[in-house]
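K.L.:
Supplied in structure tokens, the structure appears directly below.
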Amino acid sequence: MKKIKAVIFDMDGVISNTIPLHYIVNKRVADQLGIEYSHEWNMSMQGLSRTDTVKEIVAASTKKITQEEFEQLCEQKNKHYRSLLEKLTADDAQPGIRSFIEQLSELGLPLIVASASRNAPFVLTQLKLKDYFKDIVDVTTLKRGKPDPEIFLKAAELAGVTPDECVAIEDGAPGLKAILQTDMYAVGVGNYEYLKEADAHFRSTEVMTVSALEKHLNQKGWTLHE
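Using UniProt numbering, the first residue of the sequence shown is number 1, and each one after it goes up by one.
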């Protein structure tokens, strides 16, 4: 069996129940531009940066806006999002994820967060989970965002391992596409059809246990244990 030496996590929708918050703030941007915004569209953009998300929404509208107006939309979106994040508590972690993280930590595996959110350290602190993670990728140092694999390759580097020694967990389409361009073992979590492209698929974080993940890994000749 080949040993997994690190586990990399996306944050929104995997660790934190913040997808609904993204929907709220993104819908406000869409409302300002006079266009409809759906939950499906929201999920398709999970993993994109704040700037790229606003670009997508603007591109779908018929409005022509200046660079200054674009930057104002980005800033308003972030302020609104931060105000919602300040209300987060440990109860806003995804169901079952705390136990999953604790068990992986007990195995001595370095855990890394690869999130497009610049607010990741704050969110993890609010959820009382930050101390479990060896590191968080600083997205401001990256040249390319998801679906480019750079963020996940950087996470492996921070863990001190090679990509083929990592499990990477995602719920968003751009993020999963990024993982699938690497040699990492891809885990998709959620009900969306595209997640079935991952090496292992769990319909929710509640059923994504360490023992269930180990069974999937064993089928491909990998293990979480020594």
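Every residue gets a Cβ at the ideal spot worked out from N, C-alpha and C, and that includes glycine. Owing to the predicted nature of the structure, the values given are computational and were not obtained by experimental measurement.
1) If I follow the unbroken alpha helix (DSSP H) through residue 185, where does it start and stop?
2) Checking 8 Å against the spacing of the C-beta atoms, do residue 173 and residue 186 come in under that value?
3) With a cut-off of 8 Å, does the C-beta of residue 66 fall near any C-beta of chain C?
4) Taking the alpha carbon of residue 129 as the point to measure from, which residue in 162, 163, 16 and 2 has its own alpha carbon closest?
5) What does the alpha-carbon distance come out to for the pair residue 21 and residue 27?
6) Does the count of Cβ pairs from the segment 93 to 112 and the segment 133 to 153 closer than 8 Å reach three?
7) Given this structure, state the Cα-to-Cα distance separating residue 156 from residue 179, to the nearest angstrom.
8) Taking 8 Å as the threshold, find out whether the segment 89 to 101 comes into contact with the segment 59 to 74 through three or more Cβ pairs.
9) How far does the beta strand (DSSP E) with residue 200 in it reach, from first residue to last?
P.N.:
Reading it off the structure:
1) Looking at the DSSP string, residue 185 is not in any alpha helix (DSSP H); the run it does join, the beta strand (DSSP E), is 185 to 189.
2) Annotated as distal: residue 173 and residue 186, with beta-carbon spacing of 8 Å or more.
3) Structure shown: chain C not included; a single protein chain is present.
4) Looking at the Cα atoms, 16 is the closest of the given residues.
5) When only Cα atoms are considered, residue 21 and residue 27 end up about 10 Å apart.
6) Judged by Cβ distances under 8 Å, the segment 93 to 112 makes contact with the segment 133 to 153, as three or more pairs qualify.
7) Whole-angstrom Cα-Cα distance: 11 Å.
8) Contact between the segment 89 to 101 and the segment 59 to 74 is not established, with fewer than three Cβ pairs separated by less than 8 Å.
9) Boundaries of the beta strand (DSSP E) harbouring residue 200: 200 to 202, taken from the DSSP string.
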